[in-house]
Structure formats: structure tokens, C-alpha cells
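Residue numbers (this note's numbering): 52 to 340.
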């Protein structure tokens with residue numbers, strides 16, 4: 052299936068092309084950080100719909116490491132809950148469901164806006180059914196949750212998404228999600244307020260015209276939001292081991308950034324447990340801020 056007409060994307064939606072292009076390019080490396088054959092296939096299916104947005108070599112490492120780490124958390128959750136529900140919010144053009152290859156008992160929902168889902172159906176022609184569905188909606192709309200059964204533990208994955216929403220909408224979204232299911236986990240990446248200011252200057256973000264809106268200074272702040280979140284993991288993106296493969300100059304720059312706490316916290320990967328009762332259940336985790 053090929054595109055029959057152009058699909059117009061908002062500036063925020065256009066940013067979903069950045070990780071797709073990066074994943075496809077780095078997958079061609081002799082030893083890719085994130086093996087993602089579906090990214091290159093998706094680009095071929097999209098043809099001219101995916102322009103080559105500017106991306107620095109360090110960004111290729113960062114985006115691949117971020118996706119790999121969130122994939123790891125996803126697979127670990129499904130190993131503990133092989134009949135869970137997965138909500139992949141703002142799924143964009145990410146082939147996570149193919150990379151993770153969930154067990155047959157898992158229900159997986161990919162959610163994004165109408166034009167993005169239309170593009171996704173071309174990029175990833177996948178049969179929908181009881182184990183996989185695409186939801187066409189904005190994450191900030193309350194109504195779409197009614198179409199998701201609430202009879203299982205849920206994993207909510209939001210990669211490269213929440214920093215584009217105002218804080219009030221992030222709070223409202225997480226409160227709805229946490230109260231809709233008997234138990235579950237939430238994994239996402241967050242920028243600090245300084246990271247939001249710095250990120251606004253990124254060439255690829257400027258080219259897309261998107262706006263970063265939410266920065267999280269202290270991940271413990273989310274624990275005060277209802278219905279009851281418990282921080283399990285806090286991992287600094289710059290602390291992930293793959294950056295050691297960067298060329299010497301960029302590797303040295305990352306090493307310097309890691310020495311300054313405010314810079315080390317620019318971009319973090321976070322994992323929370325939630326339950327309506329607010330009671331935390333012991334789950335393995337670690338902190339590396």
C-alpha cells in the first residue's frame with residue numbers, strides 16, 4: 052500500500068518523522084544500538100512522505116538508546132504480566148509492537164491523532180483484532196479510554212510525547228490513566244525545565260516548528276498526583292552505556308555533561324507504578340539520576 056495523497060501533519064506531529072528516520076539510518080550500522088528493521092520498511096512504504104530532517108550523530112545514539120531502554124521496560128513488564136494491556140500513547144511511526152513481539156495473551160493499543168494513524172496504516176500495514184488495535188484520538192481527550200477494557204494490569208508507554216503538552220494536560224491525563232485500571236505501570240521520558248529551554252533550540256525541532264511545553268524538575272513531584280504514583284526507576288539518558296560508542300569529541304562532551312547535576316538531568320527515563328488505592332507493590336527498580 053502506498054500513499055495516495057499527502058497527509059498534513061501539525062508541527063508536533065511532524066516530529067514523529069525524526070525518530071523514524073534516525074532509527075532507519077542507525078539500523079544500517081554494522082552493529083546497531085536498536086535493531087529495527089521495520090523503520091526502514093516504513094520509510095520505503097511512505098516514499099516522499101518522510102523528508103530527511105536534520106539530525107546530529109549524537110541524536111541518533113540518544114533516540115536509539117531511549118527506545119531500547121523503554122523497550123526493555125516493556126518486555127520486563129510483559130514477562131511479569133503475560134496477559135496485560137499495553138497503551139502506546141502518541142505511537143507515531145514507532146514499530147515498538149514489532150520490536151517487543153508481545154505474548155499472544157497481550158492486548159496492545161497504539162493511539163495517535165487521525166492523520167498520524169492514517170500515515171501509520173501505510174507505514175505499518177498490520178491486521179487489527181483482539182490482540183492489536185489502533186485508536187484514533189488525542190491523548191488529552193477523555194472519551195477514548197472507554198474503548199479500552201479495564202480488566203487487566205496495564206502498561207502505559209509515552210515516548211517523546213508528554214513534553215509537548217502543558218503541565219495541566221499532563222496531570223489530567225495521568226490522573227485519568229491511573230484511575231482507570233486496577234494496577235499498572237507508566238513509563239515515559241521527561242525533560243527538565245532547562246532541557247525544555249535547550250531543546251527548543253534543536254535544529255530538527257526548529258525545522259518542524261513544534262513547541263516544547265512541559266519540564267519536570269523532580270520526578271518525585273508526580274508521586275503527589277492522584278490516584279497514587281510510585282517512582283520505580285529514574286535513569287538519566289546520558290548515563291546509558293551506548294554513548295561510549297560516540298566519536299571521541301562527542302563522547303568527551305557527554306562525559307562533561309554528566310558531571311554537572313543540572314545537565315545530567317536534562318533528559319530522563321522514568322518508570323512509575325500506580326494503583327487507585329495508592330498502595331505501592333514491590334517491583335524491582337533502580338535509580339540513576
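Idealized CB from N, CA, C, for every residue including glycine.
Quick caveat, the model's predicted, so the values are computed rather than measured.
Subject >> Bounding residues of the alpha helix (DSSP H) (the contiguous stretch that carries residue 136) >> reply: Locating residue 136 in the chain shown gives position 85, counting from the first residue. Where residue 136 is concerned, there is no enclosing alpha helix (DSSP H), although the beta strand (DSSP E) it sits in stretches over 136-140.
**OP:** Give every residue of the same chain whose Cβ lies closer than 6 Å to the Cβ of residue 234, excluding the five residues on either side of it in the sequence, and list them in chain order.
**Re:** On the chain shown, position 183 is the one that residue 234 refers to. Sequence-distant partners of residue 234 (beyond 5 residues in either direction) whose C-beta falls short of 6 Å from its own C-beta, in its chain, are 204, 326.
Original post:
Is residue 117 closer than 8 Å to residue 288 when the C-beta atoms are compared?
Top reply: Residue mapping note: residue 288 aligns to position 237 of the chain shown, counting from 1. Residue mapping note: residue 117 aligns to position 66 of the chain shown, counting from 1. Their beta carbons are under 8 Å apart, which means residue 288 touches residue 117 by this criterion.
**OP:** Return the residue from the list 143, 149, 151 that minimises the CA-CA distance to residue 189.
**Re:** Locating residue 189 in the chain shown gives position 138, where the first residue counts as 1. Ranking the options by Cα distance to residue 189, first place goes to 143.
**OP:** Please confirm if residue 292 has its CB atom under 8 Å from at least one CB of chain C.
**Re:** In summary, chain C is missing from the structure at hand, where a single protein chain is found.
Original post:
So what does DSSP say about residue 84, is it helix, strand or coil?
Top reply: Start at 1 with the first residue of the chain shown, and residue 84 comes out as number 33. The three-state reading of DSSP puts residue 84 in coil, since its state is none of H, G, I, E or B.
**OP:** Would you be able to state if there are at least three C-beta pairs under 8 Å between the stretch 272-285 and the stretch 230-244?
**Re:** yes
Original post:
Can you give the beta carbon distance from residue 320 to residue 286, rounded, assuming they're within the 8 Å contact cut?
Top reply: Here residue 320 refers to the residue found at position 269 when the chain shown is read from its first residue. Here residue 286 refers to the residue found at position 235 when the chain shown is read from its first residue. Right, the Cβ-Cβ distance comes to about 4 Å (below 8 Å), so this counts as a contact.
**OP:** Could you tell me which residues DSSP pairs with residue 186 in its beta bridges?
**Re:** What you label residue 186 is simply residue 135 of the chain shown in a count that begins at 1. 162, per the DSSP bridge assignment.
**OP:** Please say whether residue 167 and residue 153 have beta carbons closer to each other than 8 Å?
**Re:** What you label residue 153 is simply residue 102 of the chain shown in a count that begins at 1. What you label residue 167 is simply residue 116 of the chain shown in a count that begins at 1. Taking a C-beta distance under 8 Å as the contact criterion, residue 153 and residue 167 do not qualify as a contact pair.
Original post:
What is the rounded straight-line gap between the Cα of residue 268 and the Cα of residue 242?
Top reply: Here residue 268 refers to the residue found at position 217 of the chain shown. Here residue 242 refers to the residue found at position 191 of the chain shown. Computed Cα separation, rounded: 8 Å.
Original post:
Can you name, in chain order, every residue of its own chain whose Cβ lies under 8 Å from the Cβ of residue 171, other than the five neighbours on each side?
Top reply: Locating residue 171 in the chain shown gives position 120, counting from the first residue. Excluding residues within five positions, the ones whose Cβ falls inside 8 Å are 142, 143, 144, 161, 163, 185.
Original post:
Which of helix, strand or coil does DSSP assign to residue 284?
Top reply: Here the question's residue 284 lines up with position 233 in the chain shown. Strand.
Original post:
residue 309 and residue 315 look like a contact to me (Cβ under 8 Å); what is the Cβ gap, rounded to whole Å?
Top reply: Translated into positions along the chain shown, residue 309 becomes position 258. Translated into positions along the chain shown, residue 315 becomes position 264. Confirmed, Cβ separation roughly 5 Å.
Original post:
What separation, rounded to the nearest whole angstrom, lies between the Cα atoms of residue 202 and residue 232?
Top reply: Reading the chain shown from its first residue, position 151 is the one you call residue 202. Reading the chain shown from its first residue, position 181 is the one you call residue 232. Those two C-alpha atoms are separated by around 7 Å.
Subject >> Same chain, Cβ closer than 6 Å to residue 195, five either side skipped, listed in chain order >> reply: The residue you call residue 195 lines up with position 144 of the chain shown. 186, 188.
Subject >> Helix, strand or coil at residue 279 according to DSSP, with G and I counted as helix >> reply: Walking along the chain shown from the start, residue 279 turns up at place 228. In the structure shown, residue 279 sits in coil (DSSP, three-state: anything other than H, G, I, E or B).
**OP:** Measure the CB-CB distance between residue 125 and residue 247 and report whether it falls below 8 Å.
**Re:** Residue numbering aside, residue 125 sits at position 74 when the chain shown is read from its first letter. Residue numbering aside, residue 247 sits at position 196 when the chain shown is read from its first letter. No. Outside cutoff.
Subject >> residue 206, enclosing beta strand (DSSP E) - first and last residue >> reply: For this step, residue 206 is matched to residue 155 along the chain shown. Unbroken beta strand (DSSP E) run through residue 206: 205-209.
Original post:
What residue range is occupied by the uninterrupted beta strand (DSSP E) comprising residue 320?
Top reply: Taking the first residue of the chain shown as position 1, residue 320 is located at position 269. 318-325 is the span of the beta strand (DSSP E), which, as asked, contains residue 320.
Subject >> residue 132 and residue 159 closer than 8 Å at C-beta >> reply: Here residue 132 refers to the residue found at position 81 of the chain shown. Here residue 159 refers to the residue found at position 108 of the chain shown. Cβ distance not < 8 Å, so residue 132 and residue 159 don't count as in contact.
Original post:
If you compare alpha carbons, which of 71, 155, 84, 122 is closest to residue 147?
Top reply: The count along the chain shown starts at 1 and reaches residue 147 at position 96. When only C-alpha atoms are compared, the closest one is 122.
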